[in-house]
Amino acid sequence: MNGHRYLRDPKYCQQWLFLPEYPGLLIVMGYSMRCFYSPEFYLDLPSDHPYPMQKFRISKDMLLERGTVRPEDIVEVRPAATHVLERAHTPAYLQKIYSGQLDRKEQIQLGFPLTPQLYTRSALEVEATRLACEAALQDGAAVVLAGGTHHAFREHGEGYCVFNDIAVAIRSLQVKRPGIKVMVVDTDAHQGNGTNSLLDNDPNVFTYSIHVGRNDPVRKVKGSMDVETVRYVEGEMYLKQLFSTLAAAMDVFSPDLVIWIAGADNHRNDQLGQMMLTVKDIQRRDEVILGAMLRNRIPIALLYGGGYNRQPEYTAKLHRNTVVTAKRILGEVQGLVS
Ligand SMILES: [Zn+2]
């Protein structure tokens, strides 16, 4: 293979093989979809805690085993810097998390025990989302193998969300690219109340959320478009509501980038989601959202969001399925079949 070189097209994320003996020929070898990850997404929790913390590692391993993602596509991240986190959070709140000084009520609201790892873990997720947005703008699609901490507010955390990775990522994009238009598509079963509060009144941001009306969070915050489903909504009705309203959102806002909080807690066996979607329904959701964005050349950053099946493997599988669909549709759009 002497003299053979692999080249990467930065615009279309294809990998080409260049053979010096055939200078006029470039062979398309595949394409990459970068996945942002850290082994430190894992946080030690009490054994009876409902959060399936192992899902991050398990889903990453499943994607590698299946060959959906190559080892070189997994990008290990470092924690976001303090000044980056301050784009959405107050220094006082960051200090509170750093020093573990939440009162009992605040701890219950957050849902995670205050350990020395909590600050770093949360800052890692933020950085992963920030980098995935940049990667999506380059490659068409990129994934955070975690992320979607949409219940985090400027000065407090709720529902397992410490820092708001979506809001920090958008504020960071705006620093580099003033005027960039970002749409948040939140299909996690719960409303992105923290995201809505942090991004309120920004004409360059559109927040779309479809969620169960009568479920947590109890205190919802109005976004650009909120779609409430009934409790225990079945797949057919959910998908109908999703497709018609998301199309309406796309009619009024043309994004340069979509940040999608996919959510695996819509599945019928989830402990917290209160939706009745099957694996097939979730796949249909994924195909339509990814197809609508990628076929229209709208870059998309995919974040996991929630997923609380009693079996961490099962939730990991649901997240994996979404990434597999993303890779397949990205390939189809690029003219390659994975
Ligand atoms: Zn959720």
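Residue numbers (our numbering): 409 to 746. Cβ coordinates follow ideal geometry from the N, Cα and C atoms, glycine included.
Rounded straight-line distance, which links the Cα of residue j to that of residue i
i: R627; j: I706; result: 32 Å
i: L607; j: V485; result: 25 Å
i: L453; j: F520; result: 8 Å
i: A672; j: P499; result: 32 Å
i: R693; j: L647; result: 7 Å
i: M701; j: A544; result: 12 Å
i: T528; j: G432; result: 49 Å
i: Q557; j: Q649; result: The residue you asked about is not Gln; residue 557 is Thr in the sequence shown. Rounded to the nearest angstrom, the two C-alpha atoms are 24 Å apart.
i: T733; j: Q691; result: 8 Å
i: L532; j: N604; result: 22 Å
i: L522; j: D659; result: 43 Å
i: Q462; j: Y450; result: 7 Å
i: S632; j: L472; result: 37 Å
i: Q546; j: R442; result: 10 Å
i: Q679; j: G714; result: 11 Å
Cβ pair residue i, residue j closer than 9 Å
i: P770; j: Q682; result: The displayed coordinates of the chain run from 409 to 746. Any statement about residue 770 would go beyond what the structure contains.
i: K592; j: L581; result: A small fix is needed here, since residue 592 is Val in this sequence, not Lys. It is not a contact, given that the beta carbons lie outside the stated cut-off.
i: L738; j: L698; result: yes
i: G548; j: I708; result: yes
i: N717; j: A597; result: no
i: E535; j: F444; result: yes
i: T653; j: V635; result: yes
i: V696; j: N729; result: no
i: S467; j: A724; result: yes
i: C541; j: A554; result: no
Helix, strand or coil at residue i [DSSP, three-state]
i: V485; result: coil
i: E566; result: strand
i: D573; result: helix
i: F520; result: coil
i: I706; result: coil
i: S440; result: coil
i: S617; result: strand
Integer-rounded CB distance, given that residue j should sit under 8 Å from residue i
i: L502; j: L510; result: About 12 Å separates the two Cβ atoms, so there is no contact after all.
i: N612; j: I588; result: 7 Å
i: L539; j: V483; result: 7 Å
i: V629; j: N609; result: Rounded, the Cβ-Cβ distance is 12 Å, inconsistent with contact.
i: V570; j: S530; result: 4 Å
i: S440; j: D469; result: Contact flag wrong, Cβ pair sits at about 19 Å.
- Item | Contact shell at 7 Å, judged by CB to any heavy atom of ligand 3, ordered along the chain | The model on display carries ligand 1 but not ligand 3.
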